[in-house]
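Q: Let me begin by handing over the structure; questions about it come next.
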Amino acid sequence: MSSRLQHHAHPVSILQNLYQVLYLLLIPLIRGFLSALQGGFRAWLSGAWLDILVLALFLGVGILQWARLTFSYDREGIHLQRGVLYRERLFIPMERISTLSMLNLFYLKPLGAVHLRADVPGGSHRDSDFSLTVSRRVAANLMATREKARNPEPHKAIYIPRSVYIALLSLFTSNSLAGVLFLSTLISQTGRLLGEEFAEGLFGTFETLARRLAFGIPPAAAALGYLLLFGYLLAFCVSILRHSRFLVERHQNTMYIRYGIITNRYYSLGVQDINYLDIRQSLFAKILGFSSVFLHVVGYGRQQKQEISVLVPAGKNRESSQIIRGLLPHLKPSDITIRSGWISLPRFLTDPAVFCLGIPLLSYLLALFFPEWGDFIHFVGWMLLIPALWFLAVRLVDCATSGISKEGKNYTIRYSSGYYLHKVVIPEEKISQISLRQSIFQRLNRRCDLLLYTYGEVPKPHLVRNLPQNQVLALFGLHTTLGKERRRAKEKPSNV
1413 MSSRLQHHAH
1423 PVSILQNLYQ
1433 VLYLLLIPLI
1443 RGFLSALQGG
1453 FRAWLSGAWL
1463 DILVLALFLG
1473 VGILQWARLT
1483 FSYDREGIHL
1493 QRGVLYRERL
1503 FIPMERISTL
1513 SMLNLFYLKP
1523 LGAVHLRADV
1533 PGGSHRDSDF
1543 SLTVSRRVAA
1553 NLMATREKAR
1563 NPEPHKAIYI
1573 PRSVYIALLS
1583 LFTSNSLAGV
1593 LFLSTLISQT
1603 GRLLGEEFAE
1613 GLFGTFETLA
1623 RRLAFGIPPA
1633 AAALGYLLLF
1643 GYLLAFCVSI
1653 LRHSRFLVER
1663 HQNTMYIRYG
1673 IITNRYYSLG
1683 VQDINYLDIR
1693 QSLFAKILGF
1703 SSVFLHVVGY
1713 GRQQKQEISV
1723 LVPAGKNRES
1733 SQIIRGLLPH
1743 LKPSDITIRS
1753 GWISLPRFLT
1763 DPAVFCLGIP
1773 LLSYLLALFF
1783 PEWGDFIHFV
1793 GWMLLIPALW
1803 FLAVRLVDCA
1813 TSGISKEGKN
1823 YTIRYSSGYY
1833 LHKVVIPEEK
1843 ISQISLRQSI
1853 FQRLNRRCDL
1863 LLYTYGEVPK
1873 PHLVRNLPQN
1883 QVLALFGLHT
1893 TLGKERRRAK
1903 EKPSNV
């Protein structure tokens, strides 16, 4: 008999389990509908016992699933037993857990419940390997047990960013589309609660306001622009609330990260499980001399779309470097030694040139086919040209700064992805694949694109464009490997 204390999930899990058997509710609904059609209220009442039986079965399934699920934990790991007809036992070693997280969701706070998750390398890239709603006390004890198991010696470094840096993170990471989606969901749910007339009144008020503030712009275009602007501002405010009270603690072998006001998020990350460090800048942040730092660890910032794997929300470049040295000295970036250079300019400008030339051309053609929408089409075309030109500017900076270097056992690479500039530090053992690719023109110039894949739920590619081929081969020691393969091919006897 195990001496470990057995725990049940929080009773609210009963309601969560019932989502899996919602189809059972179709039985009383269909029976009630058919009875009401045939014999009215009396016919429905005569068969109400069947409805009660189905509802009892519905509730009983949830209670039985909850009762048959137990778990325990110690310094060795988490033990889980579940199943009614088929009994399943699961063991997750504590040393293999990359991220142990605790989400104190606002609607669970009055119940004293939190959502506990554990992720291990090689697990599912969609769901956590261990996910339960448990009491806050049990979750806190489990995280404390993990802390004691992984950190036998006391060592601590603490980082708390200033509020202005939380605002800068929200400024750099918020986007209009997320805000518009949040706004549309909010209005639709408000319409359900307060009536569709209230929701229609909101839309009508917005339409009237957009027409009054058009200032010579086509009303439809003005409405679209104000909607995107309001969506961005809404996403900005939500992001500030989400990442306020940010704190990082570095212990010997783990990092503890917490943030949030309405929903509190707590993460315990294994330092050796960090796949790479990403120092990220938008073009605006690059001009201002600011950067944000992100971590890639299995289970951190990937379970829900509103989560991001941030380590340093924002800070001046020198300040961010100091924080990295204090929290993760083994992942300090090095200066780039192999660069793409301005000779690679055509390779970097191909994609943005397509957008910068294609958008005006497409706008002109659409205006010819739909002259009644001409003003609107031309306005939207000019508005879309702004992000295309911004993309062009990002690629110009990328051409001037991209490259790769190696210091100790870490590789540092600089490249751009979308509208962001990245400086990524990758430990050698976290590289899963190295790929060099060439176009016909790159073969003539003896240059190549470098693709580094890092470990994770799904391999993550990092693309550095148009590097000198011989230098890249030498950096990774591939010259020696290729030479040995060629010698073996020459020495191999013929089968003639």
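Going from the sequence shown to our numbering is simple: count from 1 and add 1412.
No residue lacks a Cβ here, since even glycine has one placed at the ideal position from N, Cα and C.
(1) On the DSSP bridge assignment, give the partners of THR1866 in chain order.
(2) Going by the beta-carbon positions, is the gap between GLN1493 and ARG1487 smaller than 7 Å?
(3) Kindly indicate which residue of SER1847, CYS1860, ILE1852, PRO1873 has the alpha-carbon position closest to the one of ALA1834.
(4) Would you say PHE1781 faces chain D, with C-beta separation under 7 Å as the test?
(5) Inspect the beta-carbon positions of LEU1659 and ARG1677 and report whether they are closer than 7 Å.
(6) Could you have a look at GLY1591 and say whether DSSP puts it in helix, strand or coil?
(7) Note the first and the last residue of the continuous beta strand (DSSP E) segment covering MET1555.
(8) Quick check on DSSP: helix, strand or coil for GLU1819?
(9) Pull up the distance between the alpha-carbon of GLY1786 and that of ILE1652, whole angstroms please.
(10) With burial defined as no fewer than 16 other Cβ atoms inside 10 Å of the residue's Cβ, what is the status of PHE1696: buried or exposed?
(11) Please confirm if the stretch 1519-1535 is in contact with the stretch 1698-1705, defined as three or more CB-CB distances below 8 Å between the two stretches.
(12) At the level of alpha carbons, what is the spacing between ALA1765 and LEU1863?
(13) Can you tell which of SER1513, ILE1838, ARG1751 has the C-alpha that lies nearest to the C-alpha of GLN1684?
(14) Could you tell me whether the stretch 1537-1547 touches the stretch 1464-1471, using the rule of 3 or more Cβ pairs below 8 Å?
(15) Looking only at its chain, what residues have a beta carbon closer than 7 Å to the beta carbon of ARG1480, apart from the 5 residues adjacent to it on each side?
(16) Between TYR1865 and GLN1845, how many whole angstroms is the CB-CB distance? I'm expecting something under 8 Å.
(17) Just to confirm my understanding: we take PHE1503, look at its own chain, exclude 5 residues before and 5 after, and list those with CB closer than 8 Å. What are they?
(18) Which residue marks the beginning of the beta strand (DSSP E) containing GLN1493, and which one marks its end?
(19) Tell me the DSSP bridge mates of THR1511?
(20) Output needed for ILE1578: all residues of its chain with C-beta closer than 7 Å, excluding positions within five of it in sequence on either side, in chain order.
(21) For the structure I just gave you, are there three or more beta carbon pairs, one from the stretch 1765-1781 and one from the stretch 1791-1802, closer than 8 Å?
(22) State the DSSP-derived secondary structure class of PHE1518, mapped to helix, strand or coil.
(23) Comparing C-alpha positions only, which one of PRO1799, ARG1855, ILE1825, SER1817 sits nearest to ASP1810?
(24) Would you say TYR1832 and ASN1687 are within 7 Å of each other, going by their C-beta atoms?
(25) Would you mind listing the beta strand (DSSP E) stretches within the stretch 1669-1746 that are 3+ residues and don't spill past its ends, in chain order?
(26) Taking the alpha helix (DSSP H) that ILE1771 belongs to, which residues open and close that run?
(27) By Cβ distance below 6 Å, which residues in the same chain neighbour ILE1572 in space, the five residues on each side in sequence not counted?
(28) Which residues in the same chain as ILE1673 place their Cβ atom closer than 7 Å to its Cβ, once the five residues preceding and following it in sequence are excluded?
(29) Under a three-way DSSP split, which group does PHE1888 fall into?
(30) Just confirm the distance between the C-beta atoms of THR1557 and TYR1668, as a whole number of angstroms; I'd bet it's less than 8 Å.
(31) Could you check whether SER1694 and PHE1584 sit closer than 7 Å to each other, using their CB atoms as the reference points?
(32) At which residues does the alpha helix (DSSP H) containing PHE1483 begin and terminate?
(33) According to DSSP, which residues form a beta bridge with GLU1784?
(34) Given that a residue counts as buried once 16 or more other Cβ atoms are within 10 Å of its Cβ, and exposed if not, what is GLN1664?
(35) Could you spell out the range, first to last residue, of the alpha helix (DSSP H) harbouring TYR1571?
(36) For SER1510 and GLY1713, which I take to be in contact (beta-carbon distance under 8 Å), what is that distance rounded to the nearest angstrom?
A: Working from what's here:
(1) Beta bridge pairing from DSSP links THR1866 with ILE1843, LYS1872.
(2) No, these two residues do not count as a Cβ contact at 7 Å.
(3) Note on residue identity: the sequence assigns His, not Ala, to residue 1834. Checked all of SER1847, CYS1860, ILE1852, PRO1873; the closest Cα to HIS1834 is PRO1873.
(4) Absence of chain D from the displayed structure is noted, only one protein chain being present.
(5) Going by C-beta atoms, LEU1659 is not nearer than 7 Å to ARG1677.
(6) Any reading at GLY1591 is ruled out, since the residue's pLDDT is 47, under 50, leaving its predicted position unreliable.
(7) Careful: MET1555 lies outside any beta strand (DSSP E), inside the alpha helix (DSSP H) at 1548-1562.
(8) It is a strand residue.
(9) A straight line joining the alpha-carbon of GLY1786 with that of ILE1652 spans about 39 Å.
(10) A residue is called buried when at least 16 other Cβ atoms come within 10 angstroms of its Cβ; PHE1696 does not meet this threshold and is exposed.
(11) Judged by Cβ distances under 8 Å, the stretch 1519-1535 makes no contact with the stretch 1698-1705, as fewer than three pairs qualify.
(12) Those two C-alpha atoms are separated by around 23 Å.
(13) When only C-alpha atoms are compared, the closest one is ILE1838.
(14) The answer is no - the stretch 1464-1471 does not touch the stretch 1537-1547, with fewer than three Cβ pairs under 8 Å.
(15) In its chain, beyond the 5 residues on either side, ARG1494, GLY1495, VAL1496 have a beta carbon closer than 7 Å to the beta carbon of ARG1480.
(16) 4 Å between Cβ atoms; contact.
(17) Excluding residues within five positions, the ones whose Cβ falls inside 8 Å are GLY1489, ILE1490, HIS1491, LEU1492.
(18) In this chain, the beta strand (DSSP E) harbouring GLN1493 covers 1489-1494.
(19) Answer by DSSP bridge pairing, in chain order: ASP1531, LEU1681.
(20) Within the same chain, and ignoring the five residues on either side of ILE1578 in sequence, the residues whose Cβ sits closer than 7 Å to its Cβ are ILE1652, HIS1655, SER1656, PHE1658, PRO1725.
(21) As far as the Cβ criterion goes, the stretch 1765-1781 touches the stretch 1791-1802, which means the pair count is three or higher.
(22) It is coil, neither helix nor strand.
(23) For ASP1810, the closest alpha carbon among the candidates PRO1799, ARG1855, ILE1825, SER1817 is that of ILE1825.
(24) No, the pair does not count as a contact, with Cβ atoms beyond the cut-off.
(25) DSSP runs (the beta strand (DSSP E)) wholly in the stretch 1669-1746: 1676-1682, 1688-1694, 1702-1708, 1722-1728.
(26) In the DSSP assignment, ILE1771 falls within the unbroken alpha helix (DSSP H) covering 1757-1781.
(27) Apart from the 5 residues on each side of it in sequence, ILE1572 sits with its Cβ closer than 6 Å to the Cβ of LEU1659 in its chain, given in chain order.
(28) Residues LEU1653, SER1656, ARG1657 of the same chain have their beta carbon placed closer than 7 Å to that of ILE1673, with the five preceding and five following residues left out of the count.
(29) The answer is coil: DSSP assigns PHE1888 none of H, G, I, E or B.
(30) Contact flag wrong, Cβ pair sits at about 14 Å.
(31) Yes, the Cβ-Cβ distance between PHE1584 and SER1694 is below 7 Å.
(32) Where PHE1483 is concerned, there is no enclosing alpha helix (DSSP H), although the beta strand (DSSP E) it sits in stretches over 1482-1485.
(33) Paired residues: none, contrary to the question.
(34) Answer is exposed; the Cβ neighbour count stays below 16.
(35) Following the DSSP letters along the chain, one finds TYR1571 in no alpha helix (DSSP H) but inside the beta strand (DSSP E) bounded by residues 1569-1571.
(36) SER1510 to GLY1713, Cβ: 12 Å. No contact.
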